[in-house]
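Here the sequence shown stands for residues 5 to 365, numbered as in this note's numbering.
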Amino acid sequence: MESDDSAAADERAKTDESLRIEREKADRVAVELARAQAEADALLVQAREEADADIEAARAEADRKLTAQRGSVAPHAVVHGERALEDRALEDERRTADESIRREREENVRMLAKLLPLERDRTDRHLLTERERADDAIASRDDFLGIVSHDLRNLLGAILMSADLLGNAPPDGAGDARAVAERIRRYGARMNRLIGDLVDVSSIDAGKLAMLPTRGDLWAVAVEAQEMFRAAAEAKGIELSLEAPPGPLEASFDHERALQVLANLLANAVKFTDKGGRIWIRGRREGRSVELSVGDTGAGIPANLLDAVFERFWQVGKQDRRGLGLGLYISKCIVEAHGGRIWAERNPDRGTTLVFTIPDV
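In structure tokens, the structure reads:
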């Protein structure tokens with residue numbers, strides 16, 4: 005955990021450094037823009053001075069030729085008058101152009117002065133949001149690891165206590181021994197599921213979730229899943245039914261992974277449905293996909309959390325800690341690895357329906 009915290013601190017330092025570098029770049033751009041404008045102004049002044057010098061030289065040459073040809077200065081008054089008008093017109097034109105350039109630059113400076121703080125504020129807010137998300141993820145991870153450690157310790161302690169009872173049981177206590185052995189089996193299976201979820205999440209993060217798709221009937225997986233949870237549903241007084249489609253739901257999928265998805269959906273339905281409630285599994289073909297859904301008459305999920313239930317560690321930090329918040333996240337990753345979709349819907353009367361599809365390709 006310390007290494008993860010160190011990595012988070014390093015990531016923050018890198019983010020701060022990247023932000024500092026980007027701001028320095030923006031400042032350098034502003035300085036370069038001002039320098040470029042100053043250079044452009046200098047070039048404009050120089051060009052105008054050279055143009056004026058060329059005009060004066062051309063006019064002096066024209067005056068010399070005019071005087072040589074006519075030998076009189078009378079036409080010069082007319083020429084000078086015309087040239088004065090031209091000069092004033094040129095000066096007015098240049099003054100108008102200068103004013104336009106000045107206003108445009110002032111407007112650019114004002115806009116830049118307004119936009120830069122806004123951009124920086126937006127960047128800061130974005131960075132703050134990302135950091136809050138990262139902090140929430142770290143807090144959720146820490147809570148999750150605490151719950152996993154607590155659950156594993158409790159299960160291991162229960163196994164050790166059961167083993168002690170088994171070791172101290174009288175030779176003729178066969179019935180008690182079987183009951184203790186069954187408890188050990190259940191505790192071991194629970195530990196195995198916890199570890200399996202951790203391995204799956206690690207594989208998902210590494211992009212190496214194992215998938216072995218074969219052609220088969222997805223409804224057969226639904227029947228198998230119902231059989232797996234029949235006893236758990238009956239123990240809570242819940243009716244668990246199948247609503248079969250008209251025909252087989254042929255598709256290419258990984259049998260064990262599809263069963264894992266259905267098991268996660270059914271486990272949640274059994275967990276949150278009260279005694280006397282109902283759970284149903286439905287199947288149908290929808291276009292070029294096959295679809296399975298698990299509905300229940302439980303407490304239901306608030307509308308604003310229908311998407312959140314598929315996030316990793318979603319239940320961690322909530323009041324209800326029955327579960328680690330990994331099952332639906334893993335299910336989502338499995339379904340998406342098949343090219344399908346998974347989502348949650350509120351039932352019109354009561355409860356929730358979780359639906360997933362697998363394309364028939």
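Idealized CB from N, CA, C, for every residue including glycine.
Note that this is a predicted model, so its numbers are computed, not measured.
Could one say the Cβ of L213 lies closer than 8 angstroms to chain D's Cβ atoms, at least one of them? Absent here is chain D; the protein component of the structure consists of one chain.
Own chain residues within Cβ distance below 6 angstroms of R325, not counting five before or after = Low confidence applies here, because R325 scores a pLDDT of 45, under 50, leaving its location unreliable; read the following figure in that light. Around R325: no qualifying Cβ.
Quick check on DSSP: helix, strand or coil for E315? In the structure shown, E315 sits in coil (DSSP, three-state: anything other than H, G, I, E or B).
Report task. Report buried or exposed for G355, applying the criterion of at least 16 other Cβ atoms within 10 angstroms of its Cβ. Result -> Label assigned to G355: buried.
Q.
Given this structure, state the Cα-to-Cα distance separating T218 from A239, to the nearest angstrom.
A. 34 angstroms
Within 10 angstroms of its Cβ, does L266 collect 16 or more other Cβ (buried), or is it exposed?
-> buried
* For R187, which residues from the same chain have a beta carbon less than 6 angstroms from its beta carbon, with the 5 sequence-adjacent residues on both sides left out? -> S166
- [ ] List the whole-angstrom C-beta distance separating L222 from V294, where the pair is believed to meet the contact cut-off of C-beta under 8 angstroms.
- [x] About 5 angstroms; that satisfies the 8 angstroms criterion.
Output the boundary residues of the beta strand (DSSP E) element that contains G287.
282–290
Please classify T100 as buried or exposed, where buried requires at least 16 neighbouring CB atoms within 10 angstroms. exposed
Check: Is the Cβ-Cβ distance between L120 and V152 less than 8 angstroms?
Finding: no
Within 10 angstroms of its Cβ, does I283 collect 16 or more other Cβ (buried), or is it exposed?
buried
Review point. Roughly how far, in whole angstroms, is the beta-carbon of L244 from the beta-carbon of F233, given that I think they are within contact range, below 8 angstroms?
Key: 6 angstroms
Starting from I334, follow the alpha helix (DSSP H) in both directions and report where the run begins and ends. 331–341
| field | Proximity below 8 angstroms, CB of R106 to CB of Q41 | value | no
Practice task
Please state whether DSSP places I362 in a helix, a strand or coil.
Solution key: strand
**OP:** Find the nearest neighbour of A341 within the set A348, P363, D353, A183, judged by alpha-carbon distance.
**Re:** The shortest CA-to-CA distance from A341 to any of A348, P363, D353, A183 is the one to P363.
TODO: Check whether the Cβ of V227 sits closer than 7 angstroms to any heavy atom of the ligand SAH, and report yes or no.
DONE: By its list of ligands, the structure shown contains no ligand whatsoever, and the ligand SAH lies outside what it can speak to.
Margin query: Less than 8 angstroms between C-beta atoms, sequence neighbours within five positions excluded: which residues of the same chain meet that for E290?
Written below: T361
Exercise. Which value, in whole angstroms, describes the spacing of the CA atoms of R194 and E136?
Worked result: 33 angstroms
Quick check on T133: buried or exposed, where buried means 16 or more other Cβ atoms within 10 Å of its Cβ?
exposed
- Query: Applying the criterion that 16 or more other CB atoms from any shown protein chain within 10 Å of the CB defines a buried residue, is L89 buried or exposed?
  - Reply: By the 10 Å Cβ count, L89 comes out exposed.
Tell me whether the beta-carbon of D278 lies closer than 8 angstroms to the beta-carbon of G302. yes
query = Considering only C-alpha positions, which residue in the set G251, Q230, G200 is nearest to G220?
reply = G251
* Whose C-alpha, out of L296, R350, G343, is nearest the C-alpha of N308? -> R350
Residue range of the unbroken alpha helix (DSSP H) whose run includes L222: 222–239
Residue nearest to R114 in terms of C-alpha spacing, selected from G200, R87, L202, A34: For R114, the nearest C-alpha among the options comes from A34.
query: Whole-angstrom Cβ separation of Y191 and A229, contact assumed at under 8 angstroms?
result: About 23 angstroms separates the two Cβ atoms, so there is no contact after all.
Kindly provide the ranges of any alpha helix (DSSP H) runs that are 4 or more residues long and lie completely inside the region 120–201, ordered along the chain. As far as the region 120–201 is concerned, it has no whole alpha helix (DSSP H) run of at least 4 residues.
Supposed contact pair L216 and D258 - C-beta distance, whole angstroms, cut 8 angstroms: 5 angstroms
C-alpha gap between A255 and F276, whole angstroms: 30 angstroms
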